[in-house]
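Report on one structure; see the data block that follows.
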Amino acid sequence: MKGTAQEKIPFFRDPDKLAVFYQALTALGVALLAYYLIGNTLANLERQNIATGFDFIGREASFEIGESLIAYSAADTYGRALFVGILNTLVVSFVGIVLTVLFGTVLGIARLSRNWLLARLSAFYIEVFQDIPILLQLFFWYAFFYELLPGPRQALQPFAGVFLCNRGLIFAVPEAHPAFAYAGIALLLACLATVVLKKWAARRQEVSGRYFPVLQTGIALIVGLPALTWFFAGAPTAMVTPVLSGFNFKGGVSISPEFAALLLGLVLYTSAFVAEVVRAGIQSVGKGQREAAMSIGLRPSKVLNLVILPQALRVIVPPLTSQMLNLTKNSSLAVAIGYPDFVSVAGTTINQTGQAIEGVALIMAVYLFFSLATSALMNWYNKKIAIVER
Amino acid sequence: MTSITGSGGQAGRDLGPPVTSIGVIGWVRANLCNGWLNTVLTLAVLYLLWAILPPFFNWALLDGNWFTSSEQCKASDGACWSVITANIRFILFGFYPHDLQWRPLLAVVILIVLLFLSRNRRFWGRWLLYGWLLGLVAMGLLLKGGMFGLVAVDSDNWGGLPLTLLLAVFGLAAAYPFGVVLALGRQSQMPVIKAFCVVYIELIRGVPLISMLFMSSVVFPLFLPEGMTLNKILRAQVAIILFTAAYIAEVVRGGLQGMSRGQYEAAESLGLNYFQTMRLIILPQALKIVIPPSVSILISAFKDTSLVVIIALYDLLKTTQTTLTDPKWMGYSAEAYLFLALIYFLCCYAMSNYSRKLEKELDTGH
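Line by line, the protein sequences give chains A and B. Position 193 of the first sequence, counted from 1, bears residue number 369 in the working numbering, the numbering being contiguous throughout. Position 85 of the second sequence, counted from 1, bears residue number 86 in the working numbering, the numbering being contiguous throughout.
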């Protein structure tokens with residue numbers, strides 16, 4: 177016994193020592209590769225006389241950006257130009273995600289509909305739109321706006337005050353009036369009140385078992401309060417209608433063809449994936465759950481609210497998050513159809529300054545930040561709705 | 002007692018279900034019109050189809066122009082499919098020398114035959130692997146030339162469908178081993194290796210492919226020592242491989258996590274070391290589980306190759322766009338893009354159908 181215990185294990189058989197050895201080897205390999213690449217890069221940069229560092233951010237950009245949420249001109253700095261790009265990316269991603277979740281959910285439910293025609297139609301849609309590259313779809317919609325739609329003079333008018341032409345989508349908006357600001361504040365208050373109400377109702381139900389119709393009251397609050405505020409603040413109904421003047425429309429709000437094509441392409445493409453996620457989530461809830469819920473006398477709306485949705489959401493949220501991230505990442509394809517998103521602005525910056533490494537690093541850092549922030553948010557939400565193991 | 006069957010005198014002739022619940026009428030009632038909501042939905046869908054389909058068929062088929070000149074197209078109301086038929090060789094093969102285009106065509110045929118053979122699980126084995134290796138080498142040789150009496154063709158002239166397929170197939174083939182290594186590294190007990198793999202995978206998955214392609218076109222040249230250059234296609238290929246590997250790693254990790262502890266313990270008790278355990282016990286099982294999601298990765302890699310348009314490689318999408326910039330064929334984007342969409346759809350649909358079939362076959366029920 178004593179002899180075997182003290183027998184020396186050679187180092188190449190000892191897993192602990194081997195592990196240290198392998199890790200040291202890997203670290204050394206990575207370090208050598210990095211050293212080699214950085215050395216080459218520095219030599220190349222010096223030879224080509226390219227500046228390094230992020231000093232260019234403070235310099236004058238001297239290029240125009242087609243659309244911007246904040247005031248921007250060519251005399252502003254690269255930093256501001258890049259910020260405009262980030263804002264544009266955020267806008268298209270945010271609007272895209274909201275629309276995609278709505279449309280994708282409808283599609284996913286339609287896919288499971290008992291109506292044969294509707295189920296087939298949405299299955300067809302899902303299959304087709306998943307299988308065509310997003311870039312091709314973007315080009316198609318861009319061409320649709322530029323080639324197929326008429327000029328401003330012959331603009332299509334699907335509804336009164338809405339014009340569709342190769343300058344984009346132009347529609348009427350209400351004239352500025354303080355009533356809208358008040359209504360906005362009322363909306364915020366109503367949302368806050370609903371949250372408080374929900375907490376109170378949940379606590380009361382836990383204590384006394386009495387149920388309070390939170391959903392109906394919440395909807396009434398959120399719709400009713402702003403509407404009443406608007407009414408008592410003078411009920412302004414004046415609209416700014418777009419009017420054709422020269423070769424373009426004046427007044428109203430216009431959405432550029434680039435933005436519209438990008439949004440349309442992203443939403444139609446990602447919705448197909450979201451629909452599959454939603455379908456899988458709903459199907460993952462066993463039939464017995466619904467039957468059990470009905471057998472204890474819950475109404476259909478409550479069966480959905482209290483039994484089906486909480487379980488389906490657990491399955492839906494993680495893949496839905498990755499679809500949202502996909503949409504955000506795919507919005508970088510805006511560069512192909514000329515919408516000034518972050519990648520497009522950064523690309524112009526790279527071309528002008530020649531500082532490719534800094535430019536690409538910026539692109540990666542910004543998208544990485546978006547990804548990590550979204551995952552963190554969704555992980556928090558996912559933890560909140562996760563099942564409590566008993 | 003006898004009167005029940007006797008009085009009717011028709012023993013054994015049961016009454017069938019009512020006519021309204023079987024056959025066409027029954028089907029329609031059960032699937033299209035159960036409840037007022039479904040009836041309304043059916044009518045709405047029917048109206049939508051009626052509003053879209055007949056005009057589309059008129060435009061695309063009845064009034065369509067198939068082999069006409071661009072002047073005849075301009076005079077007609079229908080679809081101008083001539084934009085495809087007149088430029089098909091450029092769209093499919095790009096700037097590849099005109100009289101040598103049988104070579105990329107043959108390469109594509111070889112690839113399709115190999116893919117077709119791989120569909121059948123009975124052929125899975127050593128010979129198919131050799132077939133693939135041989136086929137890929139033959140494809141490269143056919144495209145590049147310069148040997149066996151084939152005229153060399155510069156890779157700047159490669160384009161169209163062969164380029165799209167090349168980027169997707171070579172990308173996946175090279176990314177798979179790399180992805181497996183990354184997945185093993187991420188599952189490893191060694192903190193340094195694990196950290197490298199996690200950082201790599203999460204970094205790549207967090208950024209869009211287009212940023213990798215940008216990197217390939219503007220940053221990769223700076224990485225190389227003076228005097229050494231890589232051509233554009235190879236650089237894009239490297240970017241696609243680096244990108245796809247991270248996604249494969251995550252898929253393979255799913256398979257590794259699906260292995261029960263018992264498998265590892267059994268391997269250990271047999272006295273196998275780490276590499277033997279992985280090669281003989283874990284990977285064969287884990288990789289089998291992840292075949293269907295791997296096909297999904299192949300599908301997205303195939304679709305993602307279209308992004309090389311942005312760094313000006315002449316893949317299928319770029320050749321089509323180039324055709325559309327020809328003043329003769331300007332303005333027929335809808336037809337050209339629909340044609341491309343059909344190609345992509347057919348390829349991806351075949352793959353995803355296959356993946357579903359495989360999933361069913363490989364499902365051993367435990």
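Think of the CB as a built atom: it goes at the ideal place given N, C-alpha and C, for glycine as much as any other residue. This structure is a prediction, so every number in the text was calculated from the model and none was measured.
Whose C-alpha, out of R256/A, S498/A and E382/A, is nearest the C-alpha of F518/A?
Position 342 of the first sequence, counting from 1, holds the residue named residue 518/A. Ranking R256/A, S498/A and E382/A by CA distance to the CA of F518/A puts R256/A first.
For T281/A, which option in L485/A, R223/A and I431/A has the closest C-alpha, if you only look at C-alpha atoms?
Position 105 of the first sequence, counted from the start, is the residue given in the question as residue 281/A. Ranking L485/A, R223/A and I431/A by Cα distance to T281/A puts L485/A first.
By how many angstroms is the C-alpha of L553/A removed from the C-alpha of S334/B?
Translated into the one-based positions of the second sequence, residue 334/B becomes position 333. Translated into the one-based positions of the first sequence, residue 553/A becomes position 377. Using only the alpha carbons, I get a separation of about 41 angstroms.
Given a threshold of 16 other Cβ atoms within 10 Å of its Cβ, counted over all protein chains shown, does W159/B qualify as buried or as exposed?
The residue you call residue 159/B lines up with position 158 of the second sequence. Counting Cβ neighbours within 10 Å, W159/B comes out buried, since at least 16 surround it.
Taking the straight line between their C-alpha atoms, what separation do you get for P494/A and E452/A?
Along the first sequence, read from residue 1 onward, the residue named residue 494/A stands at position 318. Along the first sequence, read from residue 1 onward, the residue named residue 452/A stands at position 276. Whole-angstrom Cα-Cα distance: 13 angstroms.
Along chain B, which residues have their Cβ under 9 angstroms away from the Cβ of R466/A?
Position 290 of the first sequence holds residue 466/A. Near R466/A there are no residues of chain B at all, since even the closest Cβ is about 18 angstroms away, more than 9 angstroms.
Using a Cβ-Cβ cutoff of less than 6 angstroms, which residues in the same chain neighbour I242/B once the five nearest sequence positions on both sides are dropped?
In the second sequence, counting from the first residue as 1, residue 242/B sits at position 241. Cβ neighbours of I242/B beyond the five flanking positions: G172, A175 and A176.
If you follow the alpha helix (DSSP H) that C367/A is part of, which residue opens it and which one closes it?
Working through the first sequence from its first residue, we reach residue 367/A at position 191. The continuous alpha helix (DSSP H) containing C367/A extends over residues P354 to S384.
Going straight from the alpha carbon of D64/B to that of F305/A, what length do you get?
By 1-based counting over the second sequence, the position of residue 64/B is 63. By 1-based counting over the first sequence, the position of residue 305/A is 129. In this structure, the straight-line span from the alpha carbon of D64/B to that of F305/A is close to 26 angstroms.
Closer than 8 angstroms to chain B by CB, A203/A:
Taking the first residue of the first sequence as 1, we reach residue 203/A at position 27. For A203/A, the answer is yes, since a Cβ of chain B falls inside 8 angstroms of its Cβ.
Taking G147/B and A153/B to be in contact with their CB atoms under 8 angstroms, please state how far apart those CB atoms are, rounded to whole angstroms.
As a working note, residue 147/B is residue 146 in the second sequence. As a working note, residue 153/B is residue 152 in the second sequence. The C-beta distance from G147/B to A153/B rounds to 4 angstroms, short enough to meet the 8 angstroms contact threshold.
Contact criterion: CB-CB distance below 8 angstroms. Does I308/A meet it with respect to chain B?
As a working note, residue 308/A is residue 132 in the first sequence. For I308/A, a Cβ of chain B is located within less than 8 angstroms of the residue's own Cβ.
Please tell me whether M540/A has its Cβ less than 8 angstroms away from any Cβ of chain B.
For this step, residue 540/A is matched to residue 364 along the first sequence. Chain B, which has a Cβ nearer than 8 angstroms to the Cβ of M540/A, makes this yes.
Tell me whether T230/B is buried or exposed, calling it buried when 16 or more other Cβ atoms sit within 10 Å of its Cβ.
Numbered from 1 along the second sequence, position 229 holds the residue referred to as residue 230/B. With fewer than 16 Cβ atoms within 10 Å of its Cβ, T230/B is classed as exposed.
Let me see if you follow: with CB-CB separation under 8 angstroms, is I533/A close to chain B or not?
Start at 1 with the first residue of the first sequence, and residue 533/A comes out as number 357. The beta-carbon of I533/A is placed less than 8 angstroms from the nearest beta-carbon of chain B.
With a Cβ-Cβ cutoff of 8 angstroms, do A522/A and L311/A count as a contact?
Locating residue 522/A in the first sequence gives position 346, where the first residue counts as 1. Locating residue 311/A in the first sequence gives position 135, where the first residue counts as 1. No, these two residues do not count as a Cβ contact at 8 angstroms.
Count the CB pairs spanning the segment 350 to 369 of chain A and the segment 392 to 408 of chain A that are closer than 8 angstroms, and state whether there are at least three.
Contact holds: three or more Cβ-Cβ distances are below 8 angstroms.
Show which residues of chain A have a CB atom less than 7 angstroms away from the CB atom of V220/B.
The count along the second sequence starts at 1 and reaches residue 220/B at position 219. Within 7 angstroms Cβ-Cβ: A532, I533 and V536.
Assigned exposure category for N555/A - 16 Cβ within 10 Å defines buried
Here residue 555/A refers to the residue found at position 379 when the first sequence is read from its first residue. Burial call: exposed.
Residue environment, S217/B, which counts as buried when at least 16 other CB atoms sit within 10 Å
As a position in the second sequence, residue 217/B is number 216, starting the count at 1. Of the other Cβ atoms in all chains shown, 16 or more fall within 10 Å of the Cβ of S217/B; this residue is therefore buried.
Check whether the segment 409 to 429 of chain A touches the segment 282 to 293 of chain A, counting contact only when three or more Cβ pairs, one atom from each stretch, lie closer than 8 angstroms.
Under the 8 angstroms Cβ criterion, the segment 409 to 429 of chain A does not count as touching the segment 282 to 293 of chain A, having fewer than three qualifying pairs.
When P191/A, Y254/A and R223/A are compared against L223/B, the one with the closest alpha-carbon:
Start at 1 with the first residue of the second sequence, and residue 223/B comes out as number 222. The option with the nearest alpha carbon to L223/B is R223/A.
Would N66/B be called buried (16 or more neighbouring beta carbons within 10 Å of its own) or exposed?
Residue numbering aside, residue 66/B sits at position 65 when the second sequence is read from its first letter. Buried, since its Cβ has 16 or more Cβ neighbours within 10 Å.
Sequence-distant residues of the same chain with beta carbon closer than 7 angstroms to R170/B, five excluded per side
For the purposes of this step, residue 170/B is taken as the residue at position 169 of the second sequence. It is Val, not Arg, that sits at residue 170/B in the sequence shown. These residues qualify, in order along the chain: L112.
Residues sharing a beta bridge with G344/A, DSSP
Here the question's residue 344/A lines up with position 168 in the first sequence. In the DSSP output, where bridge partners are listed per residue, G344/A has C341/A.
Going by beta-carbon coordinates alone, are A227/A and T253/A separated by less than 8 angstroms?
Residue 227/A sits at position 51 when you count from the first residue of the first sequence. Residue 253/A sits at position 77 when you count from the first residue of the first sequence. Not in contact: A227/A and T253/A (Cβ atoms no closer than 8 angstroms).
So, for I431/A: in the same chain, excluding its five sequence neighbours on each side, which residues have a beta-carbon less than 6 angstroms away from its beta-carbon?
Reading the first sequence from its first residue, position 255 is the one you call residue 431/A. Result list for I431/A: G344 and L345, in chain order.
Which runs of the alpha helix (DSSP H) fall wholly inside the segment 195 to 256 of chain B and span at least 4 residues, in chain order?
Counting whole runs of 4 or more residues, the segment 195 to 256 of chain B contains the alpha helix (DSSP H) stretches 210 to 215 and 221 to 224.
At 7 angstroms on the CB atoms, spell out the chain A contacts of C349/B, in chain order.
Within the second sequence, numbered from 1, the residue matching residue 349/B stands at position 348. Ordered by position in chain A, the residues that pass the 7 angstroms Cβ test against C349/B are D307.
Determine the direct distance from the alpha carbon of I308/A to that of F546/A, and round the result to whole angstroms.
Stepping through the first sequence from its first residue, residue 546/A is reached at position 370. Stepping through the first sequence from its first residue, residue 308/A is reached at position 132. F546/A and I308/A: Cα-Cα distance of roughly 26 angstroms.
Which residue wins for smallest C-alpha separation from N88/B, given the options L359/B, D78/B and L317/B?
Residue mapping note: residue 88/B aligns to position 87 of the second sequence, counting from 1. Nearest C-alpha to N88/B: L317/B.
Take the Cβ of I155/A as the centre, count every other Cβ of all protein chains shown within 10 Å, and call the residue buried at 16 or more, exposed below.
Outside the shown range of chain A (177 to 566) lies residue 155/A, about which nothing can therefore be said.
Can you say whether N121/B is buried or exposed, counting buried as having 16 or more other CB atoms within 10 angstroms of its CB?
As a working note, residue 121/B is residue 120 in the second sequence. Exposed.
Report the three-state DSSP secondary structure of E236/A (helix, strand or coil).
For the purposes of this step, residue 236/A is taken as the residue at position 60 of the first sequence. Reduced to three states, the DSSP call for E236/A is strand.
Is it true that the segment 432 to 450 of chain A meets the segment 501 to 515 of chain A, where meeting means three or more beta-carbon pairs spaced less than 8 angstroms apart?
A contact between stretches requires three or more CB pairs, one per stretch, nearer than 8 angstroms, and the segment 432 to 450 of chain A meets this requirement with the segment 501 to 515 of chain A.
Taking G234/A as the reference, give the member of G242/A, F259/A and L266/A with the closest Cα.
Residue 234/A sits at position 58 when you count from the first residue of the first sequence. Closest by C-alpha distance to G234/A, out of G242/A, F259/A and L266/A, is F259/A.
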